[in-house]
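Enquirer: Oh and the sequence shown: position 81 is 81 in the UniProt record's numbering, straight run, nothing missing.
Yeah, the Cβ is synthetic: ideal placement off N, Cα and C, and Gly gets one too.
Computed from a predicted model, the values in this text were never measured in an experiment.
Got a structure here, written out as structure tokens. Questions coming.
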Amino acid sequence: MRTRAAVAVAPGKPLEIMEVNLDGPKAGEVLVEIKATGICHTDEFTLSGADPEGIFPSILGHEGAGVVIEVGEGVTSVKPGDHVIPLYTPECRECASCLSGKTNLCTKIRATQGQGLMPDGTTRFSMLDGTPIYHYMGCSTFANHTVLPEIALAKVNPEAPFDKICYIGCGVTTGIGAVINTAKVEIGAKAVVFGLGGIGLNVLQGLRMAGADMIIGVDLNDDKKEWGERFGMTHFINPSKIEGSVAQKIIDMTKTDFDQIGGADYSFDCTGNVKVMRDALECTHRGWGVSVVIGVAPAGAEISTRPFQLVTGRIWKGTAFGGARGRTDVPKIVDWYMDGKIEIDSMITHKLTLDEINKGFDLMHEGKSIRAVVEY
Ligand code: NAD
Ligand code: AHE
Ligand code: ZN
């Protein structure tokens, strides 16, 4: 069939909207009509050329929602008409990682996914002249139709609006999951969130749900103060407007008469900046502070700190997709949204058509959007 897509033709170039060929689903695969997709900073990261796994031409996008149109041989868990959210972290429930019970990082199809290919080593997309187009994160939601492995689809409540729940395909789940699944924040905790964008605001709402007491937000953009406050932030720091280091500032803010050491119980990097990641670790409490890396850093970037920071009990960890097991957890998160337990609507700041998709990247660069969503 033919479908319309925004194709990443080369690093650093605007996406090109065009008709592309799409082959039907093979065994174990599913054809999905994408109804809406968010634009995540990770799409920008890959388009910019900073992603070591970036491959061109490709169809980016990994934060979508849509409807099953056709299933390939042997597919049993979804059927035409089902509403689904594509999963860049699939859940096969049979690989060593899934069965370990210790991680959400299913490894069944990770190798081919990172090469922009379906599990059989081929691509379903091509240009009208036959040039192959690569898949992205196993999802390619910047196409009106896409093909995914069955294990990379979460079947969700058909009443849920596509233009909102697409955000659960990445940002919402990553932010809330980082708090609940990865950090396992407890009631009364003191926490810091670096970077109050599409991910950071969801970390804030996760902290609010978990019952954290002091929730400090850090961003270079003062507009994010008001945004943070809407999602539970209690204190705001703009690092460009303070004297001294942001880590020391946070340590001082968290001291009490009883605890003169100070430091956050938990911190989260949602910037992808390795210097910020260091501050995020070093602002946590001696003996027990946990810092979670969410941000994705460019090729070649490395993190550093004095090993003493770890010797003295701080824990540095990371999270992908908020530690969520997609087929199991994503339908529940959609239900949380439908039941009013989590907020999404106000974070969708812009709605675009596919033809306007590059505007979504401009809004992100200008710090004007939280999430821009493309509706097909
Ligand atoms: P975004 O562009 O919406 O937000 C980033 C925010 O960070 C902005 O508000 C910006 O002003 C702020 N910021 C930038 N540099 C800063 C600095 N030095 N100090 C303080 N604040 C700073 O991006 P997003 O969609 O929220 O994504 C955030 C990061 O999370 C990206 O690196 C993205 O690739 C990554 N990400 C990771 C996962 C995962 O599973 N680990 C999932 C989604 C996104
Ligand atoms: N391809 C990059 C890494 C990109 C990355 O870290 N991706 C996150 C999801 S970001 C979603 O917005 C992730 O899930 N990683 C786990 C995985 O298996 O890809 C690189 O550096 O090579
Ligand atoms: Zn993302």
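#1: Suppose contacts are defined by Cβ-Cβ distances below 9 Å. Is E150 in contact with T328 by that definition?
#2: Can you tell me which residues form a DSSP beta bridge with L352?
#3: On a CA-only basis, which of K190, G295, D259 and E159 is nearest A320? Give me that one, please.
#4: Put Y167 into one of helix, strand or coil per three-state DSSP.
#5: Which of the three DSSP states, helix, strand or coil, is assigned to R278?
#6: At what residues does the alpha helix (DSSP H) containing M253 begin and finish?
#7: Considering only the alpha carbon of each residue, which of H365, I348 and E366 lies closest to F162?
#8: Of all the alpha helix (DSSP H) runs that stay within the bounds of the stretch 130 to 193, which reach a length of 4 or more residues?
#9: For F258, is the classification buried or exposed, using 16 other Cβ atoms within 10 angstroms of its Cβ as the cut-off for buried?
#10: In the DSSP output, what is W316 paired with across the bridge?
#11: Quick one, which of A96, S58, G326 and K255 has its alpha-carbon nearest I168's?
#12: Give the DSSP bridge partners of A264, in chain order.
#13: Mapping the DSSP letters down to three states, classify R93 as helix, strand or coil.
#14: Applying the criterion that 16 or more other CB atoms from any shown protein chain within 10 Å of the CB defines a buried residue, is G61 buried or exposed?
#15: Within the same chain, show all residues whose beta-carbon is closer than 6 Å to that of D82, passing over the 5 residues directly before and after it, in chain order.
#16: Got a sec: does ligand 2 put a non-hydrogen atom nearer than 8 Å to the Cβ of H41?
Expert: Let me spell this out:
#1: Result no, Cβ atoms of E150 and T328 do not sit closer than 9 Å.
#2: V374, per the DSSP bridge assignment.
#3: From the listed residues K190, G295, D259 and E159, the smallest Cα separation to A320 is found for G295.
#4: Looking at Y167 - three-state DSSP - the assignment turns out to be helix.
#5: R278: helix per DSSP, three-state reduction.
#6: Per DSSP, the continuous alpha helix (DSSP H) segment holding M253 begins and ends at V246 to M253.
#7: Ranking H365, I348 and E366 by Cα distance to F162 puts I348 first.
#8: DSSP runs (the alpha helix (DSSP H)) wholly in the stretch 130 to 193: 162 to 165 and 171 to 177.
#9: Counting Cβ neighbours within 10 Å, F258 comes out exposed, since fewer than 16 surround it.
#10: Beta-bridge partners assigned by DSSP to W316: S291.
#11: Measuring from the Cα of I168, the nearest candidate turns out to be G326.
#12: Per DSSP, T284.
#13: In this structure, R93 counts as coil in the three-state DSSP scheme.
#14: By the neighbour-count rule (16 or more Cβ atoms within 10 Å), G61 is buried.
#15: Excluding sequence neighbours, D82 sits near V68 and K155.
#16: Yes, since a heavy atom of ligand 2 falls inside the 8 Å radius drawn around the Cβ of H41.
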